[in-house]
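Undergrad: Note that numbering that gives the first Met the number 0 has the sequence shown beginning at 0, numbered continuously upward. Note that beta-carbon positions come from the ideal geometry of N, C-alpha and C, so glycine has one too. Note that the structure is a prediction, hence the values are computed from the model and not measured.
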Amino acid sequence: MLDNSKIRSTELYATLSQATKDVTAIREWLYASKDRIDEHILENLNAFDEKVKEALQNYENLSDEKLNMLKELYKKVVYPFDYVSDEEPTMANVNETWFKTDEAKIFKFIKNPQITFLQKERPKERKINDIWFKPMDDVNLQVGEFYLCEKVLKNEAWINPSLPENLEPAFNQEEAPQNATLGDIWKKGDEYFVYIKTTSGNSWTSPENPSEYTPTYESEEEPSEAKLGEIWKKGNEYLIYARVTNDTAWILKSDLGLDAFIWFNEEKENINFILSLIGDLKKEDEKEETSKNEIKDLEQNLSNKQEELENIKKQIEEALAKDPPQNVDNLNEKKTQLEQEITKMQEDLNHKQNELEQIQKDKSLVSQKMLSDALKEKVGLKGDETLNGNKTLNGDNIFNGTNTFNQALTSRADPTNDNHLTRKWYVDYGGGIRNLGTTGSINLDLRQAQHFILTMTARGAIGIANWGGAGKSGTITVNNAQNITAFSAPFKFRIAQSGFSGTETFAYFCIASNNVRLVRT
């Protein structure tokens, strides 16, 4: 409290007096404004309600948004499938998942692993049996065209005219070819042209101008009796029946029975995976065996030619050593011819050996170990198991313990080694007779059979490439035996023989690699 009796300053009194007047004035203004404030509140009450409602709606929308986010998160964490149904989904996207309710199995939408290339552009590289899927719809991934890389057998094929660079041109020059035939391809610099039949006659047409094509056929199915240079319009695409000069081509296919994308189930695919490995191994084994046989035949033929060449050289030396020297022009011609044949055969042999090496490299990608590991991982047979149906086992297989076969074992092949099982026919008939055909000089591989027959169409010696082992015996029958000049070591007669003629049969018995006893019968 302020003690008025003690105030002495006139200035302080004046200040307090003014403050009192100000408070009184504020009170009067507030009392006077009360009515105006009440009027303002009443005037803006509706706008205030709208603002409250707007704020509540915004809060509700935000709540719904957050709730939907929580629902989607729940689906991903607890229920993580894009599709849940009995029927296969349509218009799916890559890597989406489908829970098939009637089987309680999970599938994933992936690219078909059988397809080598999945792209709109023509693949830059290709191998026989490669599959290229060319997508035609950005929404439906299954819509498109299948092309199969095939070996061209008759140098004619339906080709996409926008892909002529896929093929070797028949002509590669600046000037238009004068002797072209329908279906030929001409490369001029970086441009390609196809010689086709048009309404104005035969002409070179750029494949970049399909509007110039007058189709011979308009259908979804491939024409069955097409002629070179004819045009097939399939939907909005043009194809030309062209002459191709390389050994492979992308051929449009409508009957491959494939889908570009498939629903993949791991459990199901485990078995398919194993079966595909077995199939791949079998194919590679067959290719390797064929290649080895071709190399073996080439080596035998090359050896025969080299021996024949040595005989010719000896004849030339003998003729020139006589007094006076004899004319050897014919012998030299034959020598030159043989040398050319040997060079060609050596090139073919090198090519086949490189081919075999590549086959073996490819085969190593699907090795027996890989199959064994896959079988252990994906099948894992334990205890007593029964396998029904036909089974093919590739590679070396070992059966431990006692093995009982309820039926006689059958074999398509004759034995070649001492520890090979053999067919009853082979035992009864001594392996049959191996016909070596017509020949001159020849070295026999006694492992190939027991009995041999051949026809000598030129003079030459009979020798041994492989003696087959001790105890090996059989017969050798020779037609045109008058052409036999000698039996080369290790063949040995007890008494030297000569004067062969007509058909002669000789019995042989293998004692050692340097002693194969021969008897004229």
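Can you name the start and end residues of the beta strand (DSSP E) that T474 belongs to?
TA: Note, T474: beta strand (DSSP E), S472 to N478.
Undergrad: How would you write the range of the beta strand (DSSP E) that V518 sits in, first residue to last?
TA: Note, V518: beta strand (DSSP E), N514 to R519.
Undergrad: Helix, strand or coil for A54 per DSSP?
TA: In this structure, A54 counts as helix in the three-state DSSP scheme.
Undergrad: Have a look at S472, I109 and E59 and flag the residue whose alpha-carbon is nearest the alpha-carbon of F263.
TA: The shortest C-alpha separation from F263 is found at I109.
Undergrad: Could you pull the start and end residues of the beta strand (DSSP E) that W97 belongs to?
TA: Counting along the chain, the beta strand (DSSP E) containing W97 begins and ends at T96 to K99.
Undergrad: Just the Cα atoms here: how many angstroms apart are S253 and E219?
TA: If you take the alpha carbons of S253 and E219, they lie about 9 angstroms apart.
Undergrad: Cβ of L257 within 9 angstroms of Cβ of Y240?
TA: In this structure, Y240 does not lie closer than 9 angstroms to L257 by Cβ.
Undergrad: Nearest CA to the CA of G529: which residue from F170, Y507 and K20?
TA: Outside the shown range of the chain (0 to 520) lies residue 529, about which nothing can therefore be said.
Undergrad: What three-state label does DSSP hand R433 in the structure shown?
TA: It is a strand residue.
Undergrad: Spell out the partners DSSP gives E606 in its beta bridges.
TA: Residue 606 falls outside the range modelled here, since the chain spans only 0 to 520, and no answer is possible.
Undergrad: So, at 7 angstroms on beta carbons, what are the nonlocal neighbours of D2 in its own chain, with the 5 sequence-adjacent residues on each side left out?
TA: Residue placement at D2 cannot be trusted, given a pLDDT of 49 that sits under 50; what the coordinates show is reported in the next sentence. Counting only Cβ-Cβ distances below 7 angstroms, and skipping sequence neighbours, we find nothing.
Undergrad: Out of A24, Q314, K123 and D129, state which residue places its alpha-carbon closest to the alpha-carbon of R526.
TA: Shown here, the chain extends from 0 to 520; a query on residue 526 therefore has no answer.
Undergrad: Using 10 angstroms around the beta-carbon of E503, count the other beta-carbons present and answer buried if the total reaches 16, otherwise exposed.
TA: With 16 or more other Cβ atoms within 10 Å, it is buried.
Undergrad: Let's see if you can read the secondary structure: which residues bound the beta strand (DSSP E) around D444?
TA: Its beta strand (DSSP E) spans residues I441 to D444.
Undergrad: Evaluate S512 with the Cβ neighbour count: other Cβ atoms within 10 Å of its Cβ, from every protein chain shown; 16 or more gives buried, anything less gives exposed.
TA: Exposed, by the Cβ-count rule.
Undergrad: How many whole angstroms separate the CB atoms of H450 and T474, which I take to be in contact at a CB cut-off of 8 angstroms?
TA: Indeed, because the Cβ distance is near 5 angstroms, the residues count as touching under 8 angstroms.
Undergrad: From I358 to T89, what distance separates their C-alpha atoms?
TA: Their Cα atoms are separated by approximately 41 angstroms.
Undergrad: Can you look up M68 in the DSSP assignment and give me helix, strand or coil?
TA: Helix.
Undergrad: I'd like to confirm the pairing. Which residues does DSSP put opposite W131 in its beta bridges?
TA: According to DSSP, which records beta bridges pairwise, W131 is partnered with F116 and Y146.
Undergrad: Using DSSP with H/G/I as helix, E/B as strand and the rest coil, what is T421?
TA: Coil at T421, not helix or strand.
Undergrad: Near D129, which residues of its chain fall below 6 angstroms by C-beta distance, leaving aside the five closest residues on each side in sequence?
TA: Around D129: T115 and C148.
Undergrad: Please look up how many angstroms separate the CB atoms of I261 and L348, rounded, as I've assumed it's under 8 angstroms.
TA: Not a contact, Cβ separation roughly 44 angstroms.
Undergrad: Of all the options A488, T476 and C509, which has the alpha carbon lying nearest to the alpha carbon of E519?
TA: Rather than Glu, the amino acid found at residue 519 in this sequence is Arg. Nearest C-alpha to R519: T476.
Undergrad: Is the beta carbon of I432 within less than 8 angstroms of some heavy atom of the ligand SAM?
TA: The ligand SAM is not part of the structure shown, which contains no ligands of any sort.
Undergrad: Return the Cβ separation of Y191 and L181 in integer angstroms, given the expectation that the two are a contact with Cβ distance under 8 angstroms.
TA: With 8 angstroms as the limit, Y191 and L181 do not qualify as a contact, their Cβ atoms being about 16 angstroms apart.
Undergrad: Within a Cβ cutoff of 8 angstroms, which residues of the same chain sit near Q56, ignoring the five residues on either side of it in sequence?
TA: No residues qualify anywhere along the chain.
Undergrad: Pop quiz: M455 and A495 are said to be a contact at Cβ under 8 angstroms. What is the actual Cβ separation, rounded to whole angstroms?
TA: Wrong, their Cβ atoms sit about 19 angstroms apart, outside the cutoff.
Undergrad: Measure the beta-carbon distance from G462 to L445 and round it to whole angstroms, keeping in mind my assumption that it falls under 8 angstroms.
TA: Not confirmed; about 11 angstroms, so no contact.
Undergrad: Return the chain-ordered list of same chain residues with a C-beta closer than 7 angstroms to the C-beta of L297, the five sequence neighbours on each side being excluded.
TA: Answer for L297: M344, D347, L348 and K351, listed in chain order.
Undergrad: Which partner residues of G462 appear in the DSSP bridge assignment?
TA: N442, per the DSSP bridge assignment.
Undergrad: Can you name, in chain order, every residue of its own chain whose Cβ lies under 6 angstroms from the Cβ of I432, other than the five neighbours on each side?
TA: For I432, where only same-chain residues beyond five positions count, the Cβ hits under 6 angstroms are H450 and I452.
Undergrad: Express the C-alpha separation of E224 and Q305 in angstroms, rounding to a whole number.
TA: Rounded to the nearest angstrom, the two C-alpha atoms are 49 angstroms apart.
Undergrad: The beta strand (DSSP E) that contains F263, what's its start and end?
TA: Its beta strand (DSSP E) spans residues F260 to F263.
Undergrad: State the Cα-Cα distance for the pair W97 and T421, rounded to the nearest angstrom.
TA: Rounded to the nearest angstrom, the two C-alpha atoms are 54 angstroms apart.
Undergrad: Please determine, among E174, V138, T100 and F145, the residue with the shortest C-alpha to C-alpha distance to P122.
TA: Measuring from the Cα of P122, the nearest candidate turns out to be F145.
Undergrad: Check E87 in the structure and name its three-state DSSP category.
TA: If DSSP states are grouped into helix, strand and coil, E87 belongs with coil.
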